[in-house]
Amino acid sequence: MTTQSTAEVLQGPAETRSLGWRSLHGTRRFVRRKPLGAFGGLILLLLVSAALLADVLAPYGAAQQDTGAPLSAPSASHLAGTDQYGRDIFSRLLYGARISLYVGIGATVLSIVPATVIGVASAYFQGRFDYIVQRVVDAVQAVPGLILLIAIVVVLGPSVVMVVASLSVRSAVVNSRVMRGATIQIMGRDFIQAARSLGARDLRLMLRHVLPNIAAPIIIVASLGFGQFILAEASLSFLGYGVPPPEPSWGGMLASDGRNYMYAAPHMFVGPALVLSLVVFGVNMFGDAMRDVLDPRLRGASGN
Numbered sequence: 014m015t016t017q018s019t020a021e022v023l024q025g026p027a028e029t030r031s032l033g034w035r036s037l038h039g040t041r042r043f044v045r046r047k048p049l050g051a052f053g054g055l056i057l058l059l060l061v062s063a064a065l066l067a068d069v070l071a072p073y074g075a076a077q078q079d080t081g082a083p084l085s086a087p088s089a090s091h092l093a094g095t096d097q098y099g100r101d102i103f104s105r106l107l108y109g110a111r112i113s114l115y116v117g118i119g120a121t122v123l124s125i126v127p128a129t130v131i132g133v134a135s136a137y138f139q140g141r142f143d144y145i146v147q148r149v150v151d152a153v154q155a156v157p158g159l160i161l162l163i164a165i166v167v168v169l170g171p172s173v174v175m176v177v178a179s180l181s182v183r184s185a186v187v188n189s190r191v192m193r194g195a196t197i198q199i200m201g202r203d204f205i206q207a208a209r210s211l212g213a214r215d216l217r218l219m220l221r222h223v224l225p226n227i228a229a230p231i232i233i234v235a236s237l238g239f240g241q242f243i244l245a246e247a248s249l250s251f252l253g254y255g256v257p258p259p260e261p262s263w264g265g266m267l268a269s270d271g272r273n274y275m276y277a278a279p280h281m282f283v284g285p286a287l288v289l290s291l292v293v294f295g296v297n298m299f300g301d302a303m304r305d306v307l308d309p310r311l312r313g314a315s316g317n
C-alpha cells in the first residue's frame, strides 16, 4: 500500500513536468516558426494586462482634469502629453484598453455562438431552411457594413452595450456562411454516415460529430474577428456613433480630441492612432498565425 501510494505521488509531478516541457517546447516552436504571430500574441497579452491593471498602471484617473498644463507635449510626468482639458493621455489610453477589450471579447462571443448555430443548422438540414437562411445572409452582406452598424446604433442609442450588440449582429449573420461551408465538408465524411446508420439523433450528431470537427474554423474566425471589432468600434467612435464621452475610447480620442488639435498638439492624435494601429496589427498577426497552425491544409502546405 505504501509503495503504491508513493508511486502515485511521484507520478503526478513527473506528468506535470512532462506536460510543462511539452507546452514550453510548443511555445518555442510557435515563436520560431511564427515570429509575427508570437509578436501579435505578446501585444494581445499587453492589451489584456493594460486593461486589467489600468487602475494600478495609470498615474491619473481617466477623466481627471488639470493634471498638467493643457496641450502639453509628452514629458516625464506625462508620457503621452495632456489634452485640452489637462487630462493625462497615457492614463486615458490605459483605460481605453478596457473599452477595446470589452468590445472585442463581447462582440466575438456574441457573434461566434449564433454564427455557429446558424451555419451548422443551415448546412445540416439544407432544403428550404438553408435557402431562406442564405438569402437573409445575402441581404445583410449587400448592405455596407459601416452603414448597417451606424443604423443599428442610431436606433438603439450610443453606449458600450449597443456598440457590442450592433457589431455582433452583422458578424453573426456573415460568419454563419463560413460555418456552413465547414459543416458541408464534414457532412460528406464517412463517420457521419456511420453515425446516422447507428441511429444517432440530429442534436447528438451535430454536437458530438460535427461541432468538434469545425473547431479550427471557429477559433480562426474568432481570433481574426477580435481585431476587426476593435477597429470597427474605433471607426464608430470616430464618426460620433460609438462610446459616448467622457469614456476614454481610442476612436473617440482620435475624433473629438485628436482631430481638432491635430496641428496645435499632434501628440493627441499620434498616441491613440499608434496604440490602435499596433493592437489591430498584433491581433491580426496572431489570428493569421493561429489559422496557419490550426488549419491542417495550410499546415501541410507550409511543411509545419
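FYI, my numbering numbers position 131 of the sequence shown as 144, with every residue one higher than the one before it.
Beta carbons are placed, not taken as given, at the ideal position from N, Cα and C, and that holds for glycine.
The C-beta of alanine 164 has fewer than 16 other C-beta atoms within 10 Å across all chains shown, which makes the residue exposed. Runs of the alpha helix (DSSP H) lying entirely within the segment 217–295, each at least 4 residues long, are 228–251 in chain order. In this structure the segment 104–113 lies against the segment 260–269, because at least three pairs of beta carbons, one per stretch, are closer than 8 Å. Ranking Leu58, Val167, Tyr254 and Leu224 by CA distance to the CA of alanine 136 puts Leu224 first. Closest by C-alpha distance to methionine 200, out of Ser189, Ser184, Leu107 and Met219, is Met219. DSSP places threonine 95 in the strand class (E or B) of the three-state scheme. Within its own chain, the residues whose Cβ lies closer than 6 Å to the Cβ of isoleucine 131, once the five positions on either side in sequence are excluded, are Ser189, listed in chain order. For the pair valine 150 and valine 187, the CB atoms are nearer than the 9 Å cut-off.
Contact between leucine 107 and leucine 57 fails: their C-beta atoms lie close to 16 Å from each other, not under 8 Å.
Residue burial is scored here from C-beta neighbours: serine 236 has at least 16 other C-beta atoms within 10 angstroms and is therefore classed as buried.
In the three-state DSSP reduction, aspartate 101 falls in the strand class (E or B). Burial is judged here by how many other beta carbons sit within 10 angstroms of a residue's own beta carbon; leucine 60 has at least 16 and is buried.
Here alanine 76 carries a coil assignment [DSSP, helix/strand/coil].
At a cut-off of 4 residues, the continuous stretches assigned as alpha helix (DSSP H) that sit fully inside the segment 141–192 are 158–169.
Sequence-distant partners of phenylalanine 142 (beyond 5 residues in either direction) whose C-beta falls short of 8 Å from its own C-beta, in its chain, are Ala134 and Ser135. Glutamine 78 and arginine 105 have their C-alpha atoms spaced approximately 11 Å apart. Within the same chain, no Cβ atom closer than 6 Å to the Cβ of arginine 202 is found once the five residues on either side in sequence are excluded. Around the beta carbon of valine 167, a 10 Å sphere encloses fewer than 16 other beta carbons of the protein chains shown; the residue is thus reported as exposed. In terms of Cβ geometry, methionine 275 and methionine 281 form a close pair [threshold 9 Å]. When the five nearest sequence neighbours on each side are left out, the beta carbons in the same chain lying within less than 6 Å of the beta carbon of methionine 303 are those of Ser236, in order along the chain. Residue burial annotation: leucine 249 is buried, with at least 16 other C-beta atoms found within 10 angstroms of its C-beta.
Look at serine 113 here: in three-state DSSP terms it is helix. When the beta-carbon positions are compared, valine 292 and isoleucine 243 come within less than 9 Å of each other. Our two residues, arginine 148 and alanine 67, have alpha carbons roughly 45 Å apart in a direct line. Residue nearest to glutamate 246 within the set Gln206, Ile118, Arg193 and Leu55 is Ile118 (criterion: CA-CA distance). Taking the C-beta atoms as reference points, isoleucine 227 is found no nearer than 9 Å to methionine 175. Classified as buried, valine 288 has 16 or more neighbouring CB atoms from the shown chains inside 10 Å of its CB.
In the three-state scheme derived from DSSP, where H, G and I count as helix and E and B as strand, leucine 60 is classed as helix. Excluding the 5 residues flanking it on each side, threonine 129 has same chain C-beta neighbours closer than 7 Å at Met192 and Ile231, in chain order.
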